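Participant: Whatever position you read off the sequence shown (first residue = 1), add 258 for the working numbering.
All residues carry an ideal CB built from backbone N, CA and C; glycine is no exception.
Predicted model, so just to flag it, every value in this text is computed and none were measured.
Have a look at the structure that comes next, please.
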Amino acid sequence: MNIIENLTTETILNKQLPINELLDNSFYYPSSGFDVGIIKYYGKEIQSYFYCDYATGEEALMRHLNDFHGYKILGHRSIRQEELVPNGWKMQLPPNFNLEQYYRYKDFFKKPFAHWAVYERMDNFSETHGPNRFSLIYIGGEGVATYQALYWSNKRTAKALAIIQPGTNFGFNWTDFADENGALAWVVLNNPFGKPDTIFYGGYGKGYKNFNWDNYELSKTIRPYYSEEQFGEVTIWTRK
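Have a look at this one:
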């Protein structure tokens, strides 16, 4: 049963968050900003999305909540940490974790929050525009720790993952998400409950065919990813 298709405004606002069902067959996007492209390109395959960005505050999210062209909000609300990790969570630090490097960017951390919104396609848009519905949970938090908290503690794995313009170096990300020896790769690839089938890798410009995570191979390129003016490229990598 597709739980997203059966949600109502009342159940979204007043019932328990169905965290396990939303994590099943989900898409995880750390350092997401407000990029709606992933849902545009992958909404027919996946209807449950988890965005995460520590530089985004809840106030900014609320200004962008209606940015999905052709969709209206069925219901939305703030969610508590206990709803996301009902079994509790104790972080397992990646090897060679650099705490000094992590805290170097702490001034860019906004107040943590989590917000859930369910979107429904407007009647004047057809199936070619995207899925009938999709769920978005936006977490104001750090991408590595949030992945481990969500998926490890709930005994799940993301179906797909995005590493798109993650803010390495001058973008104020404390680590390189694409680094095969980095913290995100360790947390994702060492999840005892599985690995993503698909990884989206890219950003502004072009030349994103150098993704080196073990056992992933290039299957497709999206170009332009953003718009004709901004160009951009995203390569899609599938697990061997």
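To the nearest angstrom, report how far apart residue 382 and residue 391 are at their CA atoms.
Facilitator: For the purposes of this step, residue 382 is identified with residue 124 of the sequence shown, where counting begins at 1. For the purposes of this step, residue 391 is identified with residue 133 of the sequence shown, where counting begins at 1. Each residue's alpha carbon lies about 14 Å from the other.
Participant: Just curious, the alpha helix (DSSP H) that residue 351 is in, first and last residue?
Facilitator: In the sequence shown, counting from the first residue as 1, residue 351 sits at position 93. Neither: residue 351 is in no alpha helix (DSSP H) and is coded neither H nor E.
Participant: Assign residue 388 to buried or exposed, taking buried as 16 or more other Cβ atoms, counted over all protein chains shown, within 10 Å of its Cβ.
Facilitator: Counted from its first residue, the sequence shown places residue 388 at position 130. Answer is buried; the Cβ neighbour count reaches 16.
Participant: In the DSSP output, what is residue 491 paired with across the bridge?
Facilitator: If you number the sequence shown from 1, residue 491 lands on position 233. For residue 491, which the question treats as bridged, DSSP gives the partners 461.
Participant: Using 8 Å for Cβ pairs, my map puts residue 334 next to residue 375. What's the rounded Cβ distance?
Facilitator: In the sequence shown, residue 334 corresponds to position 76, counting from 1. In the sequence shown, residue 375 corresponds to position 117, counting from 1. Residue 334 to residue 375, Cβ: 4 Å. Contact.
Participant: Evaluate the contact criterion for the region 311-323 versus the region 281-301: three or more CB pairs, one atom per stretch, below 8 Å.
Facilitator: The answer is yes - the region 281-301 touches the region 311-323, with three or more Cβ pairs under 8 Å.
Participant: If you reduce the DSSP assignment to three classes, tell me which class residue 333 lands in.
Facilitator: Numbered from its first residue, the sequence shown carries residue 333 at position 75. In the structure shown, residue 333 sits in a strand (DSSP, three-state: E or B).
Participant: List the residues that DSSP assigns as beta-bridge partners of residue 328.
Facilitator: Residue mapping note: residue 328 aligns to position 70 of the sequence shown, counting from 1. Per DSSP, none; premise fails for residue 328.
Participant: Can you give the beta carbon distance from residue 475 to residue 495, rounded, assuming they're within the 8 Å contact cut?
Facilitator: Working through the sequence shown from its first residue, we reach residue 475 at position 217. Working through the sequence shown from its first residue, we reach residue 495 at position 237. Going by Cβ atoms, the distance from residue 475 to residue 495 rounds to 6 Å, so yes, they are a contact pair.
Participant: How should residue 485 be labelled, buried or exposed, when 16 other C-beta atoms within 10 angstroms of its C-beta is the threshold for buried?
Facilitator: On the sequence shown, position 227 is the one that residue 485 refers to. Exposed, by the Cβ-count rule.
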